[in-house]
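Heads up: the structure comes next, in structure tokens.
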Amino acid sequence: MGTIIICAIVAMAVAGLVLSLVLYIVAQKFKVVEDPRIDQVAEVLPGANCGGCGFAGCRALAEAIVKAGDLEGKACPVGGAAVMAKVGGIMGLAAEESEPMIAVVRCNGGKCNTHKKVEYDGVLDCASANQNFSSEGGCSFGCLGLGTCVSVCKFDALHINPETQLPEVDEDKCVACRACVKTCPRKVIELRKKGKGNRRVFVSCINKEKGAVAKKNCDVACIGCGKCEKECPFGAITIENNLSYIDFNKCKSCRKCVAVCPTGAIHAVNFPPAKPKVEKVMQENTDVSASIENVEQKQTEKKKEMIATEIQNTKSE
Amino acid sequence: MTTFRKGGVHPEENKLAKDCKIEVMPLTKKAVVFVSQHLGAPATCVVQKGDKVKVGTLLSKAEAFICANVHSPYSGTVTKVDLATDFNGFKKPAVYIDVDGDEWEDGIDTSAEIIREIKLTPKEIIDKMKDRGIVGLGGAAFPTNVKYMIPEGKKAEFLVINGVECEPYLTSDNRIMIENTEEIFIGIEIMKKALNMNNALIGIEKNKPEAIRIMTDMSRNYPGTKVVPLEMKYPQGAEKQLINALTGREVPSGKLPIEVGCVVDNVGTALAIYQAIQKNRPLIDNVLTFTGKSVKTQKNLLVRVGTPLQEIIDYCGGLPEDTGKLISGGPMMGKTIMDTTAPTVKTTSSILVMNEKEAKRGHQTNCIRCGKCVTACPMGLEPLFLATLCEQKRWEDAEKECVMDCIECGCCLFTCPANRPLLDLIRVGKNQVGALRRARTQK
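Read top to bottom, the protein sequences are chains A and B. This note's numbering puts the last residue of the first sequence at 317; the count rises by one with no breaks. This note's numbering puts the last residue of the second sequence at 443; the count rises by one with no breaks.
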């Protein structure tokens, strides 16, 4: 009996030893050497796996960063500068300064500003509708308003406004992951710089038709008149194919183009609420106050001079 | 009687205009002719504002391999070359012509005399097809001359002529078979000569007894051409299904009919080829059916390309009050007309007026996995799964499930008891997979 037990224990021990040896050899032989920094970088990234960086998820970005050893062209739009600084810390690199971007819907036609000609009764998907017809209003460039962009947004940052039937971007939630930009079959949505204090000026139209044709279908279409191009002091506006485009790298948000646009196609967002008329009055007021200040200054200078001459007179006396 | 093997449906035939003789539509005053009216690379416009054109003057020239010429269907002055709206509402380049009289280019035979003797060699015939801008009038508008350039190692054994007209409502092919019988047969002789063979099969569905009778009588004078009456089933007019019905052969997935030794053309194309080769007449008009249940006067009209749809509607007495929507083409595969100011093109085969009740889509519910769409699919696909894959944007999986084999006949949508928009979804998938494939070849 005792020998059986001993035999069993010895056999198990030998088998265990042999197998552990096999496992050890296999583990050594097929060892995957992974840079520990990949895990560290992946840890820092938000883990949303949105694909906004252009890679297939956060880990893929981490791998790409560690493999390349630089941060050029690799940035997390969700985490922004803060996360990239941390990644830079792990990698021992200086993070690229990237300005925050935001999705901008460049169509303002919608339900209110176009004239419905036909009714769409098909699948509520922009890609499907885009194959079948131009749009209910007749514009073959603008937003179809069926909300495919809303369905792909992982951050709940897009919503269709029931009044206008146009998607609206929630500025606090949008992380500029580009999902909507890629999905939109008509390329209505564009990523633009968020701008100082979230203030942006952009042309809310992508219709490349001639002015009269565009205006026939939509009240707020860009007609390519060129007034904004002439008005812009910074050369930020170009007109191509009857359509104005504002280069966000050159635009200084002066809003002169907004004032001259005859159709209201240029939008300025997040500026303090001031209608053009009120603005003028404000300007006049400032002019007046400035002139008052000038007068006051001149008066004080005169007084000073008078006092100085008086002092001199008294001294000479 | 024979028919194709797999799938198919039986929609109400509604051939309301089948006994209406072809009328010639009066010429329009202001015509708009699209620069490109075919499948393939776009053609280049060769006229300018102010040019005087005659009927048959070249408007746009084919420069690529798969491309077709467009000739002026009118005589008059070119007022501008600009974008024009097609019936889907999209803008395409077009030539605007102010019509003035009806003067034809020299060398075009406009007499009604039938010329039977074929003088040209096969090579000359194919060149002439290209020169005269002949495209497939079955609906796809594929440049016809390309079909006749048989790739090396392949041999055409059958010339399959499509006189099926399986779409409900449409009657234009039926009428030309009855009224232009001999021209069609001479056209087929020309096609056979171009292919250097003598074996043509004309498929006609049995709901066109008059056409079958007249065509069969005529076929006795033309040995090597046989009229085959076919059982009624949609989509028998699709080329792969027609080949299967007439020859029993099956075109492999992703391949062209020539793979099984067939060349397929429509009877309308045969007529156009006759006119091009024997009369030197370019493709400038086609027969169009104006029909619908509420339409009082059904018509088959011979319309020149570039006539605004609205003018045709007005000529036919306007739209009935309960019009729900207009369709260009048949009710199964046609597309909705959204803008009636748009002009006709080479392949506009009908203006179909649907009343309000017919125009509405049914209430959509969930898929109950009944498998009706699988039974109906003539390509042997599983539309319910394909549609789901496309809905979930799983394009690679859809490609593996042969989404590109779909011929967009609409049988699945027609049979679905849950009114699921199967074809709409699959069409999106086809488009996406096509884009994926193009991106792959570019890499």
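A virtual CB, placed ideally from N, CA and C, is assigned to each residue, including glycine.
Interface residue (Cβ-Cβ distance to chain B less than 8 Å): A/S134 is classified as such. Look at B/K52 here: in three-state DSSP terms it is strand. Secondary structure at A/E240: strand, using DSSP grouped into helix, strand and coil.
About 4 Å separates the Cβ atoms of B/I115 and B/Q278, confirming a contact at the 8 Å cut-off.
Closer than 9 Å at the C-beta level to chain A, one finds these residues of the region 406 to 426 of chain B: P421, D424, L425. Between the C-alpha atoms of A/G137 and B/T415 there is a straight-line separation of about 32 Å.
Taking a beta-carbon distance threshold of 8 Å, B/N366 does not count as an interface residue toward chain A. In terms of beta-carbon proximity, B/F90 lines the interface with chain A, with at least one pair separated by less than 8 Å. Nearest C-alpha to B/N174 among B/F142, B/I212, B/E182, B/I190: B/I212.
B/A435 and B/L425 have their alpha carbons spaced roughly 16 Å apart. B/T247 and B/F4 have their C-alpha atoms roughly 9 Å apart. Contact fails between the region 251 to 260 of chain B and the region 30 to 37 of chain B, because fewer than three Cβ pairs, one in each stretch, are under 8 Å apart. Contact of A/S140 with chain B by beta-carbon distance below 9 Å involves T85, N88, G89, F90, K91.
Nearest to A/R186 by C-alpha distance, out of A/K67, A/V175, A/D247, A/Q131, is A/Q131.
Distance check between B/G8 and each of B/T336, B/R437, B/T375, B/N419 places B/T375 closest, using alpha-carbon atoms only. DSSP, read as helix, strand or coil, puts B/L137 in coil. With a threshold of 8 Å between beta carbons, A/G147 makes no contact with chain B. Close to B/K360, with beta-carbon spacing below 8 Å, are these residues of chain A in chain order: D121. Here B/G362 is exposed. Its C-beta has fewer than 16 other C-beta atoms within 10 Å. Within the region 91 to 118 of chain B, the beta strand (DSSP E) runs of at least 3 residues that lie entirely inside it are, in chain order, 91 to 99.
B/T57 is the residue among B/P209, B/G138, B/K192, B/T57 whose C-alpha sits nearest the C-alpha of B/G76. Annotation for B/L120: K128, I277 place their beta carbon closer than 7 Å to its own, counting only its chain and skipping 5 residues before and after. In this chain, the beta strand (DSSP E) harbouring B/E205 covers 200 to 205. Just measuring C-alpha positions, the residue of B/K293, B/D100, B/E124 sitting nearest B/E321 is B/K293.
For B/D127, the secondary structure class from DSSP, reduced to helix, strand or coil, is helix. Along the length of the region 102 to 168 of chain A, whole beta strand (DSSP E) runs at least 3 residues long occupy 158 to 161, reported in chain order.
Between the beta-carbon of B/G317 and that of B/E358 there is about 20 Å, and that puts the pair past the 8 Å contact cut.
With 16 or more other CB atoms across the displayed protein chains lying within 10 angstroms of its CB, B/I126 is buried.
At a cut-off of 8 Å between beta-carbon atoms, B/T79 makes no contact with chain A. At a cut-off of 8 Å, the C-beta of B/N221 has no neighbouring C-beta in chain A. Following the DSSP letters along the chain, one finds B/N145 inside the alpha helix (DSSP H) bounded by residues 144 to 147.
Judged by DSSP secondary structure, B/E259 falls outside any alpha helix (DSSP H); it is assigned neither H nor E.
Listed in chain order, the positions of the region 329 to 346 of chain B with a beta carbon within less than 8 Å of a beta carbon of chain A are K335, T336, M338, D339.
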